[in-house]
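A.B. asks: Residues -14 to 261, numbered by my numbering, are exactly what the sequence shown covers, in order.
All C-beta atoms, glycine included, are put in the ideal place defined by N, C-alpha and C.
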Amino acid sequence: MAVIETKGLVKTFGKLRALDGLDLEVDAGQVYGFIGPNGAGKTTTIRVLLGSYKATSGSAQVFGKDVWRESTSIHEEVAYVPGDVSLWPNMSGGEVIDFFLRLREKSGPAWDAAQKRRAELIKNFELDPTKKCRSYSKGNRQKVALVAALASDVDLYLFDEPTSGLDPLMEKVFQSYVAEIKAAGKTILLSSHILSEVERLCDSVGIIRKGKLVEHGTLAELRQRWEVEGEALPSLEEVFMKQYGDEIHISGEEDDNEMHKSIFAQYLPKKKAGDR
Ligand SMILES: Nc1ncnc2c1ncn2[C@@H]1O[C@H](COP(=O)(O)OP(=O)(O)O)[C@@H](O)[C@H]1O
Ligand SMILES: [Mg+2]
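1. With distances taken from each beta carbon to the nearest heavy atom of ligand 2, which residues come in below 7 Å, in chain order?
2. Just how far apart, CA to CA, sit L(-6) and L7?
3. For the stretch 54 to 68 and the stretch 137 to 146, state whether three or more C-beta atom pairs, one from each stretch, are separated by less than 8 Å.
4. Relative to ligand 1, is the shortest distance from any of its heavy atoms to the C-beta of F85 smaller than 7 Å?
5. Return the chain-ordered list of same chain residues with a C-beta closer than 6 Å to the C-beta of G237, the five sequence neighbours on each side being excluded.
6. Hey, quick one: how far does the beta strand (DSSP E) through V47 stretch, first residue to last?
7. Mapping DSSP to helix, strand and coil, what is I107?
8. Would you decide whether Q209 is buried or exposed? Buried here means 16 or more other CB atoms lie within 10 Å of its CB.
9. Kindly examine ligand 1 and report whether one of its heavy atoms sits closer than 7 Å to the Cβ of K64.
10. Note down the Cα distance separating S122 from G150, rounded to an integer number of angstroms.
11. Applying the criterion that 16 or more other CB atoms from any shown protein chain within 10 Å of the CB defines a buried residue, is F84 buried or exposed?
12. Please classify K(-8): is it buried, with 16 or more other beta-carbons within 10 angstroms of its beta-carbon, or exposed?
13. So, using beta-carbon positions, are L135 and L106 closer together than 8 Å?
14. Any heavy atom of ligand 1 within a distance shorter than 7 Å of the CB on A3?
15. Okay, do the stretch 147 to 164 and the stretch 37 to 48 touch, 3+ Cβ pairs below 8 Å being the bar?
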């Protein structure tokens, strides 16, 4: 069964078509890697799924329910971590986490289980929950949102570049929790530009470009689809570059997309001096 299904999803901001007929399908129990560089439409998609943006046209359903009209009931079974977490400056991290957990449970065995998990997560992510949110770094704010989401027992987890700002050690902690959630049969949409993370964690991958899904399938399917005879199966990075190679150029001078430079530079042919 599809937990997430969008058909011909369009979202415009003025003249800009952030989503341009997106067809996305994520089945129950999958860890789905949603990849694409900055501006491709990942966050917009997730915000439409959360009912924070109203789609311009097309359809979007979560658990078979319309994301706009039935967003309240969808939220009961969804945990979300944005890529850039903002928190209430006067609350402590622990208070924020409990605030989110109380939206679902207030007492009883489920509350006790969430509290137990909360304690374990705080320890593993090395978060000091007593500090006021205003004093947290970006990485610590990210940890607060991760603890709140991962301590929640829900059916669907939406992670939008959740490890931005975390060091590699904490990224590993996050990955082990994703594996745990997956083993429990939950569904995860993981938007990321860390392709190695997606390669490690995800069953299926969708590549988004300019608001359209240009490639999707299991990792094995994608690698086979782009196999070149006589060569080793391509990595996810190489598959990704088949979709984006024409668009990304490294000039060595000013570049309008820093992320392309940092993340993908190693896979790209260097432009020669004098090239434009
Ligand atoms: N609230 C908004 N108002 C205007 N433009 C937006 C808004 N949100 C996103 N966009 C634009 O929509 C496109 C897709 O953005 P986004 O979904 O954030 O991409 P991604 O998450 O893949 O980096 C970008 O061109 C971005 O500038
Ligand atoms: Mg984004």
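C.D. replies: Looking at the coordinates:
1. N23, K27, T28, G68, D145, E146, S176
2. Walking along the sequence shown from the start, residue -6 turns up at place 9. Walking along the sequence shown from the start, residue 7 turns up at place 22. Straight-line Cα distance between these residues: approximately 5 Å.
3. yes
4. The residue you call residue 85 lines up with position 100 of the sequence shown. Flag unset: Cβ of F85 not near ligand 1.
5. Looking up residue 237 in the sequence shown gives position 252. Bear in mind that a pLDDT of 45 at G237, under 50, signals an unreliable position, so the number given afterwards is only what the model happens to contain. Shown here for G237: not one same chain residue has a beta carbon closer than 6 Å to its own, the five before and five after excluded.
6. The residue given as residue 47 occupies position 62 in the sequence shown. Note, V47: beta strand (DSSP E), 42 to 47.
7. In the sequence shown, the residue the question calls residue 107 occupies position 122. If DSSP states are grouped into helix, strand and coil, I107 belongs with the helices.
8. As a position in the sequence shown, residue 209 is number 224, starting the count at 1. Q209 should be labelled exposed.
9. The residue you call residue 64 lines up with position 79 of the sequence shown. For clarity, residue 64 is Ala in the given sequence; the question names Lys instead. No, the Cβ of A64 stays beyond 7 Å of every heavy atom of ligand 1.
10. For the purposes of this step, residue 122 is identified with residue 137 of the sequence shown, where counting begins at 1. For the purposes of this step, residue 150 is identified with residue 165 of the sequence shown, where counting begins at 1. Near 9 Å, if we compare the C-alpha coordinates of G150 and S122.
11. Counted from its first residue, the sequence shown places residue 84 at position 99. It counts as exposed.
12. As a first step, residue -8 must be located in the sequence shown, where it is residue number 7. Exposed, because fewer than 16 other Cβ atoms sit within 10 Å of the Cβ of K(-8).
13. The residue you call residue 135 lines up with position 150 of the sequence shown. The residue you call residue 106 lines up with position 121 of the sequence shown. The beta carbons of L135 and L106 sit closer together than 8 Å.
14. As a working note, residue 3 is residue 18 in the sequence shown. The answer is yes for A3.
15. no
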